[in-house]
Each structure stands twice: as C-alpha cells, then as structure tokens.
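Below is one structure; the comments refer to it alone.
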Amino acid sequence: MRRAGSEEEERRASRSATPSPVRDRRYDFLYEREKQPVKAYVLARFAEHLAEELSRWPPPFVEWVSDELRRRYAVGLEERPREQALRFALEVARLDLAREFEAVDRLMATKAPACWQTEAEAAAGHLLVRFLTEKALSLKEYAEGIPLSRADLIAMLDEVERRLGPLAG
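Under this note's numbering, the residue at position 70 of the sequence shown is numbered 532, and the numbers go up by one with no gaps.
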C-alpha cells in the first residue's frame, strides 16, 4: 500500500519535469523586429559601408586604381576634398550609373569648375566618381541572387550621401 504523501510528491515531480508554457523572454526582440527584404538590407548595409569608406581619406580606391591613374591623379590623394567636391562627385556618379552621359558632360562643363576648385579636388573628384560607380556595379555583379537595378544603385548612393551628413570641409 502506498502512502498518500508519496503520490502527491510524484505529481509535483511530474509537473516540474514538463516544460513550462511560458516563452523564453530573452529573444523577444526578434519577435518585435520588422521584416526587411533582403535587397533593402543589402543596399542599406552597403551604403553604410561605403559611407564609412568615404569618411576616411583616402578611401581604399588606391588599392585598385591602375598605376597610370594613380600617377595621373596622385595630387588628389594628398588631402581630403571639401564637402562640396565630395557631394558633386556623388552627383556625377549617380548620373553615370543612370547612363545620363550628356547630363554628365553638361554638369562637368558648367558646375565642375565651381565645385572642384583646385587641381587636387578635381583629381580626387575623378577618382571618387570612378570609385563609387565601380563599387556600385561590383555590388550588382557580386549579389547574383538579388535583382539589383541601376535605379537601386542610384538610390543606394543617395543613402550614402545621407549617411555622410555634414562633413568637415
């Protein structure tokens, strides 16, 4: 014959062995996060990375520029261009990605002398335009599974400019 106390103890032991219906609250932040499409995430992270690269001078384009271009634009690597020169390079890169070559020619003829005031700024600007367009197009090539259009890349450069904020010029 069993004792009544031992049955009660067995019931308590079996209840404590079953998992609790309460959710583990350590991971609640995952439930609260909004879903973000992969394409938007990749573009945002790339814009963040590119803005960080541009905030340092010189950006890492020195590594991939040919020796001929490095000699041609060496004066542009010496000092950081003004904010206006950097923003103008972003504008030209956006037009270049949009394949608006006539607009680039007009802009270079009318606005470039005012934005790129010194030979060093002009050299840095040309390198920056090449750097930005090459980086954007390499993202499109590298992200094979994500259908990136040139419009997406242009919007990404807008995000880069926004992330740069006001720069010390």
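Idealized CB from N, CA, C, for every residue including glycine. All of these numbers come straight from a predicted model, not from anything done at the bench.
Proximity of the region 525 to 542 to the region 583 to 592 meets the contact definition, three or more beta-carbon pairs being nearer than 8 Å. In the three-state DSSP reduction, Pro-609 falls in the coil class, being neither helix nor strand. Closest in alpha carbon position to Arg-625, among Glu-540, Thr-595, Arg-549, Val-566, is Arg-549. Selection Glu-541, Trp-578, Gly-538 evaluated against Ala-547 yields Trp-578 as nearest (Cα-Cα). Here the region 594 to 607 does not lie against the region 566 to 574, with fewer than 3 beta-carbon pairs under 8 Å apart. Taken through DSSP and simplified to helix, strand or coil, Arg-533 comes out as helix.
C-alpha of Glu-581 to C-alpha of Arg-544: approximately 13 Å in a straight line. Taking Met-618 as the centre and dropping the five residues before and after it, the same chain places the C-beta of Leu-505, Phe-508, Ala-509, Ala-598 closer than 7 Å to its C-beta, in chain order. When C-alpha distances from Arg-556 are compared across Arg-518, Pro-628, Leu-615, Pro-521, the shortest belongs to Leu-615. The closest CA to that of Val-554, considering only Thr-595, Glu-540, Pro-520, is found on Thr-595. The Cβ atoms of Leu-512 and Glu-623 do not sit closer than 8 Å to each other.
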